[in-house]
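K.L.:
One structure is given below, represented as structure tokens, and several questions about it will come after.
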Amino acid sequence: MIQTLTHFFLEQATYGQVYLATFVYFLGLYFVVGAVFLAVCKWLQTKGWVSQIVPNTTPNKNIGFEIKHSIKSIFVFGFSGIAIVYLIRMGIIKLLPDTFLNVLMGVFFLTLWNEVYFYIIHRIMHFPFFYRRVHKIHHQSKIPTIYSVYSFHWLEALLLSGVPITICPVFNFSAMAIFLYPLASILLNFAGHCNYRFGHGTGASWQLFGTRHSQHHFRNTQNYGFATHFFDWLMSSNKKNNSL
Ligand SMILES: [Zn+2]
Ligand SMILES: [Zn+2]
């Protein structure tokens, strides 16, 4: 079944079908996986395992703004599917077999590459020229929600959709790794935007995962990294404590 679908999209589907499939895939990640993620956060909160970073009820008006811009971003993400399939058909992207190890390592290395790629793009987005014209939309969410994850200006959505396209022609990945990478990415993204963290703002670094990006939204500066603070540490752009 999976092999038939892979074969269809890589060899037979029209680019219109590829666009539509990519669009629906991202829509599902955003709405379906997002709803499950939020439900799990709320359930963990009732168990006392997680707490809200900022006790908050974000107005529906703001969530409406986030959803509207996220859908626009998903329209843009659709084109990344076309670009990847085109480069595979041209032989510029070469694929590894879908073995368990290739899929696991592939998702891991794409996620690692995203740390570098995202940090660079995000720092550029904070140059005053780009902040005022582009990145400001993402920072409308002063206290982020799971619906903030794709709330971008179309140009930022286009740049951020370039993670696989910029690495796959250089290093070989399996088709399933490229397909599953957006799922891994959005889970990390939800964790950074959901306004929940383990415990009550103290404890080991991994327990404070959601804190860093929430601080970035609240303060509009520092903590530019995606899932880790490695590049913030390297470039001295990290915030030193856990308070907003
Ligand atoms: Zn954000
Ligand atoms: Zn930012």
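Heads up: the sequence shown at position 16 corresponds to 15 in numbering that gives the first Met the number 0, and the numbers run straight through without jumps.
Every residue gets a Cβ at the ideal spot worked out from N, C-alpha and C, and that includes glycine.
Is it the case that the segment 183-191 contacts the segment 105-120, given that we only count it when at least three CB pairs across the two stretches are under 8 Å?
P.N.:
Verdict: yes, contact present.
K.L.:
Determine whether the beta carbon atoms of leucine 187 and arginine 196 lie at a separation below 8 Å.
P.N.:
Against a cut-off of 8 Å, the Cβ pair of arginine 196 and leucine 187 comes out as no contact.
K.L.:
How is serine 173 classed by DSSP in three states: helix, strand or coil?
P.N.:
Serine 173 falls in the strand class under three-state DSSP.
K.L.:
Would you check if the segment 153-172 and the segment 208-218 touch, i.e. whether three or more CB-CB distances between them fall below 8 Å?
P.N.:
Too few Cβ pairs lie closer than 8 Å, so no.
K.L.:
Who pairs with phenylalanine 197 in a beta bridge, going by DSSP?
P.N.:
Note: phenylalanine 197 sits in a beta bridge opposite Val49.
K.L.:
Find the nearest neighbour of glycine 198 within the set Phe8, Gln2, Tyr29 and Ile52, judged by alpha-carbon distance.
P.N.:
Ranking the options by Cα distance to glycine 198, first place goes to Ile52.
K.L.:
Alpha carbon to alpha carbon, how far is glycine 77 from leucine 154? Give it in angstroms, no decimals.
P.N.:
Computed Cα separation, rounded: 14 Å.
K.L.:
For the alpha helix (DSSP H) holding isoleucine 249, just list the boundary residues, first then last.
P.N.:
Residue 249 lies beyond the stretch modelled for the chain, which goes from 0 to 243, so this question has no answer here.
K.L.:
One question on the structure: do phenylalanine 225 and phenylalanine 151 come within less than 8 Å of each other, judged by their Cβ atoms?
P.N.:
Not closer than 8 Å, so no.
K.L.:
Would you say the beta carbon of histidine 125 is closer than 7 Å to some non-hydrogen atom of ligand 4?
P.N.:
For ligand 4, the structure offers nothing, since it holds only ligand 1 and ligand 2.
K.L.:
Just checking serine 147 against ligand 1 - is the residue's beta carbon closer than 7 Å to any of the ligand's heavy atoms?
P.N.:
Checking every heavy atom of ligand 1 against the Cβ of serine 147, one is found closer than 7 Å.
K.L.:
So, for valine 75: in the same chain, excluding its five sequence neighbours on each side, which residues have a beta-carbon less than 7 Å away from its beta-carbon?
P.N.:
For valine 75, where only same-chain residues beyond five positions count, the Cβ hits under 7 Å are Trp153, Ala156, Leu157 and Ser160.
K.L.:
Evaluate valine 23 with the Cβ neighbour count: other Cβ atoms within 10 Å of its Cβ, from every protein chain shown; 16 or more gives buried, anything less gives exposed.
P.N.:
Exposed.
K.L.:
With respect to the alpha helix (DSSP H) encompassing isoleucine 123, which residues constitute its N-terminal and C-terminal limits?
P.N.:
First-last of the alpha helix (DSSP H) with isoleucine 123: 99-124.
K.L.:
Using CA atoms only, rank isn't needed, just tell me which of Phe172, Leu43 and Tyr146 is closest to isoleucine 87.
P.N.:
Looking at the Cα atoms, Phe172 is the closest of the given residues.
K.L.:
In the DSSP output, which residue or residues are listed as bridge partners for leucine 94?
P.N.:
The partner list for leucine 94 (beta bridge, DSSP) reads Phe172.
K.L.:
Quick one, which of Ile91, Ile92 and Val106 has its alpha-carbon nearest threonine 98's?
P.N.:
Closest by alpha carbon: Val106.
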